[in-house]
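S.K.:
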Amino acid sequence: MLISVLGAGYVGLVTGACLAHLGNHVRVVDIDATRIERLRQGEVPIHEPGLDELVAEGLAKGRLSFHADQSATHGTRLVIVAVGTLDGDGEWTGALVERAVAMLAEDPQAPRHLVVRSTLMPGTAVGLERLARSIDPSVRLCFNPEFTREAVAVRDFLEPDRVVVGAGADAEDLVAELHELYAPLEKPILDTDLTSAETIKIASNVFLATKISFANELARLCAATGADVHAVVDGMGLDMRIGRSFLSPGPGFGGSCFPSQVRALPALARSVGVEAPLIASVDVSNRGQADWILDGLERIRGGSLAGARIAVLGLTFKAGTDDLRESPALRLAERLVARGAQVVAFDPVATERGVALLAASDVQVEPASTAEAAIAGADAVVVGTEWPEFRQLDWSALAPVMRGSVIADGRRVVDVDAATAAGLTVVTLGVAHAPTGPEPAAVAVPIATVATVA
Ligand code: UGA
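Read in order, the letters of the sequence shown are residues 0 to 453 in numbering that gives the first Met the number 0.
If you want it as structure tokens, here you go:
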């Protein structure tokens, strides 16, 4: 099928490249001419495993092309709208989607079949459809949400659990086209109305965010009672009704989706006069998690982090991506500075950008060129992102060059046996592991004491 995609961001690029891989001819359109030029050369502007290969494949086979002009949508069967939905403050907005839909409806040569893939708050699509059809009654509109995670987006697209198609009025032909488009995936396709499809998307994300926050609060509870939160979530996860995924505690969830959506959904509830105290509390819980981790570190270091040199490992919102948006690792760095610490940070893919982003908010952090360079001379280490290379750190070589001896591991990636054997104290989400080496570090704190205070 010859189709077009409006927007060459994460969603648009992954959608376009994957649909080309499935055998379609896809024209990706974006107003950013520089981005389009780079894409034409096969340069993918985002760090997304597998995407470079799919873009190269699409270009080589002549099935994927990039355009800076909306006229490239002319003559295509349908256009997928995948433009941004965050405003300058990182909050959800439907403004760009609305502009794109209006622009397409006003262009009689553009397809009359519009598929919105940008995330919409429930109730938005009906308004978009009304707007488009007030411009041209022959327009048909569907909402087809994406459920792809950054860092595994290509796999999530090609092997989804489900495809959801929310259909507008009289959109049977468009729905049939979407079924044809997704048929090669051989996955269940759920047909709904527009608002239900929007709600499935948002509710899925907010539910996952709630699950993470539940695990984060359990970590706090377990640290106080002496339970091992990791054993607890493993045990809970074996119950098929609960499941283990998205139950890993950490420094809080980040990224461009969960944080903005856990704020937008309660706002929507309020706007329609519905009380949703559970949903409204998720953001509050999430924001407190970084400080809870740092409270533990502060106590183990005698009650203050003022003047301490702290190495922060990882700045992106999770491993495998270069995305820094609402990263809990950045929040850890920012909160450390607020507590008077001197922070030196390293991230395998985003040190400079992360440090610059913090500086833009007046948070001064020193960049390091390697994890080892960040750790050398540090009073303590804080792990903010679960990059696999942090598992391989040679603590026997690093412990002697550190000034202090504590690691606050917010992601459970530190090799605890190796670190404690090297004389370091590792606090993994509130649970402390004391040094086991022949010469325990002087700052060793009894596990029970740490566990109750951290
Ligand atoms: C999320 C959803 O998982 C996707 O299904 C959805 O399509 C996407 O948002 C979107 O709406 O576009 P994403 O934000 O890329 O995907 O990242 P996730 O892998 O979901 O992780 C979000 C945050 O939760 C990260 O900071 C991660 O470290 C954290 N997390 C995740 C935990 O702290 N614990 C967990 O057990 C899982």
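Idealized CB from N, CA, C, for every residue including glycine. On a predicted model such as this, the values are computed, not experimentally measured, just so you know.
Go ahead and pull the three-state DSSP assignment for V311.
M.R.: Three-state result, V311: strand.
S.K.: If A377 sits next to V343, beta carbons under 8 angstroms apart, how far is it from one beta carbon to the other, in whole angstroms?
M.R.: Indeed they touch by this definition, with Cβ atoms about 7 angstroms apart.
S.K.: Within its chain, find whatever has a CB closer than 7 angstroms to the CB of E371; leave out the 5 residues flanking it on each side and keep chain order.
M.R.: Contacts found: L397.
S.K.: Taking only the alpha-carbon atoms, compute the straight-line gap between D414 and A289 and give it to the nearest angstrom.
M.R.: About 21 angstroms.
S.K.: Check whether the Cβ atoms of V25 and G57 lie closer than 9 angstroms to each other.
M.R.: It is a contact, given that the beta carbons lie within the stated cut-off.
S.K.: Could you please give the first and the last residue of the uninterrupted alpha helix (DSSP H) stretch that includes R139?
M.R.: Here R139 belongs to no alpha helix (DSSP H); instead the beta strand (DSSP E) covers 139-142.
S.K.: Indicate the three-state DSSP secondary structure (helix, strand or coil) for Q363 in the structure shown.
M.R.: In this structure, Q363 counts as coil in the three-state DSSP scheme.
S.K.: On the CB-based measure, 16 or more other CB atoms within 10 Å of its CB, does T488 come out buried or exposed?
M.R.: Beyond the ends of the chain as shown, which are 0 and 453, falls residue 488; an answer cannot be given.
S.K.: Count the other C-beta atoms from every protein chain shown that fall within 10 angstroms of the C-beta of G225, then say buried if there are 16 or more, exposed otherwise.
M.R.: G225 is exposed by the Cβ-count criterion.
S.K.: Is it right to say Q391 is buried, meaning 16 or more other beta carbons lie within 10 angstroms of its own, or is it exposed?
M.R.: By the neighbour-count rule (16 or more Cβ atoms within 10 Å), Q391 is not buried but exposed.
S.K.: V13 to E42, Cα distance in whole Å?
M.R.: The alpha-carbon atoms of V13 and E42 are separated by roughly 14 angstroms.
S.K.: Compute the distance between the beta-carbons of A407 and V381, then report whether it is under 9 angstroms.
M.R.: Against a cut-off of 9 angstroms, the Cβ pair of V381 and A407 comes out as a contact.
S.K.: Drop a sphere of 10 angstroms on the beta-carbon of V125, count the other beta-carbons inside from all chains shown, and report buried for 16 or more, exposed for fewer.
M.R.: Buried, by the Cβ-count rule.
S.K.: Alpha carbon to alpha carbon, what distance is there between H432 and D190?
M.R.: Near 51 angstroms, if we compare the C-alpha coordinates of H432 and D190.
S.K.: Check W91 in the structure and name its three-state DSSP category.
M.R.: Residue state, collapsed to three classes: strand.
S.K.: May I have the straight-line CA-CA distance separating V271 from A223, to the nearest angstrom?
M.R.: Each residue's Cα considered, the two are about 39 angstroms apart.
S.K.: Output the residue ranges of the alpha helix (DSSP H) runs that lie fully inside the segment 121-179 and measure 4 residues or longer, sorted by chain position.
M.R.: Listed in chain order, they are 123-134, 152-157.
S.K.: Start and end of the beta strand (DSSP E) containing R26?
M.R.: Run containing R26: 24-28, per the beta strand (DSSP E) assignment.
S.K.: Among residues of its own chain, excluding the 5 on either side of A349, which ones have a beta-carbon nearer than 7 angstroms to its beta-carbon?
M.R.: Excluding positions up to five away in sequence, the list reads L314, T315, D321, L323.
S.K.: Mind checking H112: buried by the 16 CB within 10 Å criterion, or exposed?
M.R.: By the neighbour-count rule (16 or more Cβ atoms within 10 Å), H112 is buried.
S.K.: Whole angstroms is fine: what's the gap from E297's alpha carbon to E158's?
M.R.: Answer to the nearest angstrom: the Cα atoms are 44 angstroms apart.
S.K.: Which runs of the alpha helix (DSSP H), 4 residues or longer, sit entirely within the segment 14-86?
M.R.: With a minimum length of 4 residues, the continuous alpha helix (DSSP H) runs that stay inside the segment 14-86 are 32-39, 50-59.
S.K.: Taking only the alpha-carbon atoms, compute the straight-line gap between V115 and I211 and give it to the nearest angstrom.
M.R.: Straight-line Cα distance between these residues: approximately 28 angstroms.
S.K.: Any contact of the segment 166-183 with the segment 144-153, i.e. 3+ C-beta pairs under 8 angstroms?
M.R.: Not touching, per the Cβ criterion.
S.K.: Report the residue from F146, R62, A340 whose alpha carbon sits nearest the alpha carbon of L119.
M.R.: Taking only the C-alpha atoms, the option nearest L119 is F146.
S.K.: Return yes when the Cβ of D106 is within less than 9 angstroms of the Cβ of T487, no when it is not.
M.R.: No answer is possible for residue 487: it lies beyond the span of the chain, which begins at 0 and ends at 453.
S.K.: Select from D160, S137, P265 the residue whose C-alpha is nearest the C-alpha of V281.
M.R.: With distances taken between Cα atoms, V281 lies closest to P265.
S.K.: Return the residue from the list E171, R161, S133, F156 that minimises the CA-CA distance to C141.
M.R.: Nearest of E171, R161, S133, F156 to C141, Cα basis: E171.
S.K.: If I'm right that P48 touches R37 with Cβ under 8 angstroms, what's the distance once you round it to whole angstroms?
M.R.: Going by Cβ atoms, the distance from P48 to R37 rounds to 19 angstroms, so no, they are not a contact pair.
S.K.: DSSP three-state label for L220, please.
M.R.: Helix, per DSSP.
S.K.: Is it a yes or a no for the segment 195-209 touching the segment 224-238, going by three-plus beta-carbon pairs under 8 angstroms?
M.R.: Output reads no: the segment 224-238 does not touch the segment 195-209.
S.K.: Do you know how far the Cα of M401 is from the Cα of V4?
M.R.: Between V4 and M401, the C-alpha separation is close to 51 angstroms.
S.K.: So for A450, helix, strand or coil by DSSP?
M.R.: For A450, the pLDDT reaches just 39, beneath the cut-off of 50, and the residue's location in the model is therefore unreliable, although a value from the coordinates is still provided. The answer is helix: DSSP assigns A450 an H, G or I state.
S.K.: Where L363 and V138 are concerned, what is the direct C-alpha to C-alpha distance, given to the nearest angstrom?
M.R.: Correcting the residue identity first, residue 363 is Gln in this sequence and not Leu. Each residue's Cα considered, the two are about 51 angstroms apart.
S.K.: In three-state DSSP terms, what is L277?
M.R.: Residue state, collapsed to three classes: helix.
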